[in-house]
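Numbering (the working numbering), first residue to last: 77 to 335. All remarks here apply to the structure that follows.
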Amino acid sequence: MSPEEIFSQISKLIPTSQLDNGLATTVVETLKAKDGRVTDVVFAEMSKYVEVQLRAIHEIFTDEKLDKSKSFGLHLVDALRDCGLIRDVGGDSEPIYHLLRWYFGERNDPHHKHDTYDIERFLAYWLISNRILLEFNHRKNTLERAVYMDIGLNPVECAIGGFLTVTARITRPNDGTLVERGDVQAVTTFNNGSQRASPMTYLVSGRNWSTQISTSGATPGLYSVAVISIDANEKFISKNLAKGKITTRLQAETITQTT
């Protein structure tokens, strides 16, 4: 079978909900074969289509137009991470960040060498392209936008069993107005990996959100706090984490005596 026939048969086996129709149309229009191998044109057009779609997803998600310097290739990948469409996990970006860096690097050969490629490589690149688009369209509709927030901790160092107060001022990045309504939570991650979500209340006097978090049951060590804000029309998560330390009562008493 020709590459065109193989693509047609495989695409018909994929459920419609799991197929990006625009990408499939791009393949149909640009897929050419030479001596049973796929020409470079379809690779270039697939990656171009994915790039355009990811740029559109970023702009819908943030309601901002991307600067030209961040609109292409690896710069676009970093922009997706910066706005929260790609998250950090355990101090590193999640695997799809590295997949995207490989993806846009992999297109360099077809862009510059004008060679032909085996059908397996073409199918793999198409299926990865399709998966990337499905994933980011889903993220666009479900994830919170990452924005900088003014988060305060009091005290920063807290003895086990005590309470710490978290405050947050949330500013909309597009117009600078404050978020004063919605479901806002402070999510604390303790040293042992456990998490605690605490609802926050808006204080008109301070024009910020506030909550108290119990450290009962926490383990000594560092902790971090992220803030999530969800309303009917907008969702935000703090790009920055507030960080502090949980101490034993003995450590807290020693710190108090030395100060």
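Glycine included, C-beta positions come from ideal geometry on N, C-alpha and C.
#1: Look at the alpha carbon of residue 259 and the alpha carbon of residue 90, and state the distance between them as a whole number of angstroms.
#2: Suppose you measure from the CA of residue 77 to the CA of residue 86; what does that come to, to the nearest Å?
#3: Excluding five sequence neighbours on each side, which residues of the same chain lie with their C-beta closer than 6 Å to the C-beta of residue 287?
#4: For residue 96, does the count of other Cβ atoms within 10 angstroms reach 16, so buried, or fall short, so exposed?
#5: Considering only C-alpha positions, which residue in the set 315, 98, 149 is nearest to residue 359?
#6: Restricting to Cα atoms, I'd like to know which of 321, 309, 177 is closest to residue 229.
#7: Whole angstroms are fine: how far does the CA of residue 238 sit from the CA of residue 133?
#8: Mark residue 306 as exposed unless 16 or more other C-beta atoms lie within 10 angstroms of its C-beta, in which case mark it buried.
#9: Using 8 Å as the cut-off, can you tell me whether the stretch 152–160 makes contact with the stretch 206–224, which would need three or more C-beta pairs spanning the two stretches below that distance?
#10: How would you label residue 298, buried or exposed, when you count the other beta carbons within 10 angstroms and need 16 or more for buried?
If we stick to the structure as given:
#1: 38 Å
#2: 12 Å
#3: 242, 262, 274, 276
#4: buried
#5: Residue 359 is absent from the structure shown; the chain starts at 77 and stops at 335.
#6: 321
#7: 43 Å
#8: exposed
#9: Yes: at least three Cβ pairs fall under 8 Å.
#10: Exposed.
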